[in-house]
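Report on one structure; see the data block that follows.
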Amino acid sequence: MLEEAHVKVDTLQDQVKKALRETERAKNEVEITFEELASVTQQATDAEERVSKLEEEIKLNRGRVQELSKERDDLFEYIAQVEEDLHNEGINKVELEKQVAESKARAGELEKELSDERARRADLNARYERLS
Numbered sequence: 007m008l009e010e011a012h013v014k015v016d017t018l019q020d021q022v023k024k025a026l027r028e029t030e031r032a033k034n035e036v037e038i039t040f041e042e043l044a045s046v047t048q049q050a051t052d053a054e055e056r057v058s059k060l061e062e063e064i065k066l067n068r069g070r071v072q073e074l075s076k077e078r079d080d081l082f083e084y085i086a087q088v089e090e091d092l093h094n095e096g097i098n099k100v101e102l103e104k105q106v107a108e109s110k111a112r113a114g115e116l117e118k119e120l121s122d123e124r125a126r127r128a129d130l131n132a133r134y135e136r137l138s
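Letter by letter, the sequence shown follows residues 7 to 138 of our numbering.
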């Protein structure tokens, strides 16, 4: 019976040693898992920070895009206005040239009328002189 007890004790000691080894292995695995979890947590935190920075950069870029779009639209509007002004100036130039030509023609007519009136006046003065 004593021998059976020793065998049982030896068996129990082997089982305890085996359980301790398994516990130690499990403990090491848990430590590795905690280390991996800490690493993954840090990676997630780093990724969240990068995402936050990228979101901020996207927000700034959207604002810049809106500013540039507005500036582009303003430039197109300005170009259209300049083109319209140039077109109007071209029309005005043609109209002014036409008016100048008409004015020159009218000045020529008035010059002729003035010349005729001077001749008529000279004639009237000559008649008046003769009658007086």
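Beta carbons: idealized from backbone N, C-alpha and C, even for Gly.
Alpha-carbon to alpha-carbon, residue j and residue i
| i | j | result |
| --- | --- | --- |
| K23 | S45 | 32 Å |
| F82 | S109 | 39 Å |
| K59 | L92 | 49 Å |
| L53 | V71 | The sequence shown places Ala at residue 53, not Leu. Roughly 26 Å separates the two Cα atoms. |
| E77 | I85 | 12 Å |
| Q21 | R31 | 15 Å |
| E28 | E42 | 20 Å |
Practice task
Can you check the region 59 to 95 for any beta strand (DSSP E) of at least 3 residues that lies completely inside it and give the ranges in chain order?
Solution key: none
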